[in-house]
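Peer 1:
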Amino acid sequence: MNFSRLEALILIISLFGRPASNTRPVSNSNTVPKSTPNTLSTGNADTNPNSAPTTVSDPTTNPTGDPEHPGWRYLNGFPWWQQDPTQQDHARFHCYLSMASYGDYATLCPNTFTKGFTVLEEFNTPTGQGGFTALIPEMEKVVIVFRGFENYQALNWRQASIEDLIGNCRGCKAAAGVKKLYLSAKAATNNWEIATKKVAETGLKFSVTGHGIGGSVAALAAMDLGQTGLVHYSHNQGMPRSLNREAVLRYDDLFQVLAGQSLVAENDFMVQTIPKIPYYHVVRKLKSRENVTCTGLGNNYAIHDHYFTPKGQCGSANKGW
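Count the sequence shown with mature numbering (1 follows the signal peptide of the UniProt record, and there is no 0) and you get residues -22 to -1, 1 to 299, in order.
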């Protein structure tokens, strides 16, 4: 898949801000929140420690300022690909890892990450959350990868408080099933002991990534680990809505501008599976989290299995551009 075919890259955020199966979407009101015509027009952004903005302006005078985040300072419409040309690699590499989580990543990924690829830990919990943690010198990162939970209809989509997980997050809620998946992985890894030790030993950055519902779990992991400064980058691909407004705003503050990247490929059905209210998409897509130009119509099932590389594969060392 060419990079240009990714319609909604929350990489687009930096233009405005700074710091499966072939089943139809669930309509059971007992498990999935009801849809509403209302949308939330708001913003998200994320800070990339490696980037060097050319100019910044005060949000009180900049018309692109976000009223929900008055403390942020904003880039003056400086395109992300000019700000940091490595961002395409950041997006592509995290997609490779997410898609590889469904296959033989230990064998495939060393052919892509030729400077080294070390699996530090694997997890596969009784609740169904799988994934792995890897040390990847080419990315200069330790990455936790969450495999997608494919039977989304079996997941509990009722709201559950995450105030016990995330500090300074009053009223924050997530889908109960997503929280359960994350907590199972957290317990299985002894609160990410191996990953955090490796970050401390190497001084490398820490990121998380996940595909589909794995992206929702990755977002929750990013918030949990990001609040203490452990995780610096949060990535997801084809992620459904799974956090309420308060949680999304907290996510925004933790991962501003380029530190938070959320990708949507060509009307990926999973992105629209869970309707708006009480959940919202993370990060801003052209000024609004719910901009359909970026989130897509949700009518493409096949594309969910292809983000830069097919599901179960780990891409190639050759970028193809």
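All C-beta atoms in this analysis are idealised placements derived from N, C-alpha and C, irrespective of residue type, glycine included.
Would you mind reading off the limits of the beta strand (DSSP E) that contains Thr187?
Peer 2: Sequence index remark: in the sequence shown, residue 187 carries index 209 (1-based). For Thr187, the uninterrupted beta strand (DSSP E) segment begins and ends at Lys183 to Gly188.
Peer 1: In chain order, what residues of the same chain lie with their CB nearer than 6 Å to the CB of Val226, ignoring the 5 residues before and after it?
Peer 2: Residue numbering aside, residue 226 sits at position 248 when the sequence shown is read from its first letter. Contacts found: Tyr258 and Val260.
Peer 1: Can you confirm whether the segment 230 to 249 touches the segment 159 to 172 when touching is taken to mean that 3 or more C-beta pairs between the two stretches lie within less than 8 Å?
Peer 2: no
Peer 1: Within the continuous beta strand (DSSP E) that includes Ile122, where are the two ends?
Peer 2: As a first step, residue 122 must be located in the sequence shown, where it is residue number 144. Note, Ile122: beta strand (DSSP E), Lys119 to Phe124.
Peer 1: From the DSSP output, which residues share a beta bridge with Ser79?
Peer 2: For the purposes of this step, residue 79 is identified with residue 101 of the sequence shown, where counting begins at 1. Answer by DSSP bridge pairing: none, since Ser79 is not bridged.
Peer 1: Run through DSSP, which three-state label would Tyr285 get?
Peer 2: Numbered from its first residue, the sequence shown carries residue 285 at position 307. When secondary structure is reduced to three states using DSSP, Tyr285 falls in the coil class, being assigned neither helix nor strand.
Peer 1: Using 8 Å for Cβ pairs, my map puts Tyr130 next to Ile191. What's the rounded Cβ distance?
Peer 2: Locating residue 130 in the sequence shown gives position 152, where the first residue counts as 1. Locating residue 191 in the sequence shown gives position 213, where the first residue counts as 1. Right, the Cβ-Cβ distance comes to about 6 Å (below 8 Å), so this counts as a contact.
Peer 1: Could you check what DSSP says for Thr14 in three-state terms: helix, strand or coil?
Peer 2: Residue 14 sits at position 36 when you count from the first residue of the sequence shown. Annotation note: pLDDT 30 at Thr14 (below 50); position unreliable, no value reported.
Peer 1: So what does DSSP say about Thr111, is it helix, strand or coil?
Peer 2: In the sequence shown, residue 111 corresponds to position 133, counting from 1. Thr111 falls in the strand class under three-state DSSP.
Peer 1: Note the first and the last residue of the continuous alpha helix (DSSP H) segment covering Glu224.
Peer 2: Along the sequence shown, read from residue 1 onward, the residue named residue 224 stands at position 246. Per DSSP, the continuous alpha helix (DSSP H) segment holding Glu224 begins and ends at Arg223 to Leu232.
Peer 1: Could you name the residues that DSSP lists as bridge partners for Asn146?
Peer 2: For the purposes of this step, residue 146 is taken as the residue at position 168 of the sequence shown. Looking at the DSSP assignment, Asn146 forms no beta bridge with any residue, so it has no partner.
Peer 1: Does any heavy atom of the ligand ADP sit closer than 6 Å to the C-beta of Gly109?
Peer 2: Among the components modelled here there is no ligand, and therefore nothing to report on the ligand ADP.
Peer 1: Got a sec, what are the start and stop residues for the beta strand (DSSP E) Lys164 sits in?
Peer 2: Stepping through the sequence shown from its first residue, residue 164 is reached at position 186. Unbroken run through Lys164 is the alpha helix (DSSP H), Ala154 to Ala166; no beta strand (DSSP E).
Peer 1: Any idea what DSSP makes of Gln250, helix, strand or coil?
Peer 2: Residue 250 sits at position 272 when you count from the first residue of the sequence shown. DSSP, read as helix, strand or coil, puts Gln250 in helix.
Peer 1: Where does Gln131 sit, in a helix, a strand or coil, going by DSSP?
Peer 2: In the sequence shown, residue 131 corresponds to position 153, counting from 1. Residue state, collapsed to three classes: helix.
Peer 1: What is the rounded straight-line gap between the Cα of Tyr285 and the Cα of Ala69?
Peer 2: The residue labelled residue 285 in the question sits at position 307 within the sequence shown. The residue labelled residue 69 in the question sits at position 91 within the sequence shown. Whole-angstrom Cα-Cα distance: 10 Å.
Peer 1: Would you give the residue range spanned by the alpha helix (DSSP H) that Leu275 belongs to?
Peer 2: Counted from its first residue, the sequence shown places residue 275 at position 297. Run containing Leu275: none; DSSP gives neither H nor E here.
Peer 1: So, are the CB atoms of Glu224 and Gly149 less than 7 Å apart?
Peer 2: Here residue 224 refers to the residue found at position 246 when the sequence shown is read from its first residue. Here residue 149 refers to the residue found at position 171 when the sequence shown is read from its first residue. Yes; because the gap between Cβ atoms is below 7 Å, this pair is in contact.
Peer 1: Considering only C-alpha positions, which residue in the set His282, Phe110, Arg219 and Phe233 is nearest to Ile252?
Peer 2: By one-based count along the sequence shown, residue 252 stands at place 274. For Ile252, the nearest C-alpha among the options comes from Arg219.
Peer 1: Given a threshold of 16 other Cβ atoms within 10 Å of its Cβ, counted over all protein chains shown, does Ile281 qualify as buried or as exposed?
Peer 2: Position 303 of the sequence shown, counted from the first residue, corresponds to residue 281. So Ile281 counts as buried.
Peer 1: At which residues does the alpha helix (DSSP H) containing Ser220 begin and terminate?
Peer 2: Sequence index remark: in the sequence shown, residue 220 carries index 242 (1-based). Counting along the chain, Ser220 falls outside any alpha helix (DSSP H), and DSSP gives it neither H nor E.
Peer 1: For Gly155, is the classification buried or exposed, using 16 other Cβ atoms within 10 angstroms of its Cβ as the cut-off for buried?
Peer 2: For this step, residue 155 is matched to residue 177 along the sequence shown. Classification for Gly155: buried.
Peer 1: Between Val177 and Phe184, what straight-line distance do the alpha-carbon atoms span, to the nearest angstrom?
Peer 2: Taking the first residue of the sequence shown as position 1, residue 177 is located at position 199. Taking the first residue of the sequence shown as position 1, residue 184 is located at position 206. Whole-angstrom Cα-Cα distance: 7 Å.
Peer 1: Can you tell me which of Thr206, Phe233 and Gly181 puts its alpha carbon nearest to the alpha carbon of Ala197?
Peer 2: As a position in the sequence shown, residue 197 is number 219, starting the count at 1. Among Thr206, Phe233 and Gly181, the Cα nearest to that of Ala197 belongs to Phe233.
Peer 1: Under 8 Å by Cβ, that's how I've got Met77 and His189 pegged, so tell me the actual separation to the nearest angstrom.
Peer 2: Numbered from 1 along the sequence shown, position 99 holds the residue referred to as residue 77. Numbered from 1 along the sequence shown, position 211 holds the residue referred to as residue 189. About 6 Å; that satisfies the 8 Å criterion.
Peer 1: Measuring CB to CB, does Gly290 end up less than 7 Å from Gly81?
Peer 2: The residue you call residue 290 lines up with position 312 of the sequence shown. The residue you call residue 81 lines up with position 103 of the sequence shown. In contact: Gly290 and Gly81 (Cβ atoms closer than 7 Å).
Peer 1: Go through its chain and collect everything with a Cβ distance to Thr287's Cβ below 6 Å, but skip five positions before and after it.
Peer 2: Taking the first residue of the sequence shown as position 1, residue 287 is located at position 309. Same-chain partners within the cutoff: Tyr74, Met77 and Gly293.
Peer 1: Just the Cα atoms here: how many angstroms apart are His210 and Leu275?
Peer 2: Reading the sequence shown from its first residue, position 232 is the one you call residue 210. Reading the sequence shown from its first residue, position 297 is the one you call residue 275. In a straight line, the C-alpha of His210 is about 31 Å away from that of Leu275.
Peer 1: If the criterion is Cβ atoms closer than 7 Å, does the pair Lys119 and Ala138 meet it?
Peer 2: Within the sequence shown, numbered from 1, the residue matching residue 119 stands at position 141. Within the sequence shown, numbered from 1, the residue matching residue 138 stands at position 160. No, Cβ-Cβ distance for Lys119 and Ala138 is not below 7 Å.
Peer 1: If you draw a straight line from the alpha carbon of Pro37 to that of Ala132, how long is it in whole angstroms?
Peer 2: Taking the first residue of the sequence shown as 1, we reach residue 37 at position 59. Taking the first residue of the sequence shown as 1, we reach residue 132 at position 154. Note that Pro37 scores 31 on pLDDT, short of 50, meaning its location in the model is unreliable; the coordinates nonetheless yield the value given after this. Pro37 and Ala132: Cα-Cα distance of roughly 43 Å.
Peer 1: In angstroms, rounded to a whole number, what distance separates the CA positions of Trp170 and Asp230?
Peer 2: Position 192 of the sequence shown, counted from the first residue, corresponds to residue 170. Position 252 of the sequence shown, counted from the first residue, corresponds to residue 230. Answer to the nearest angstrom: the Cα atoms are 23 Å apart.
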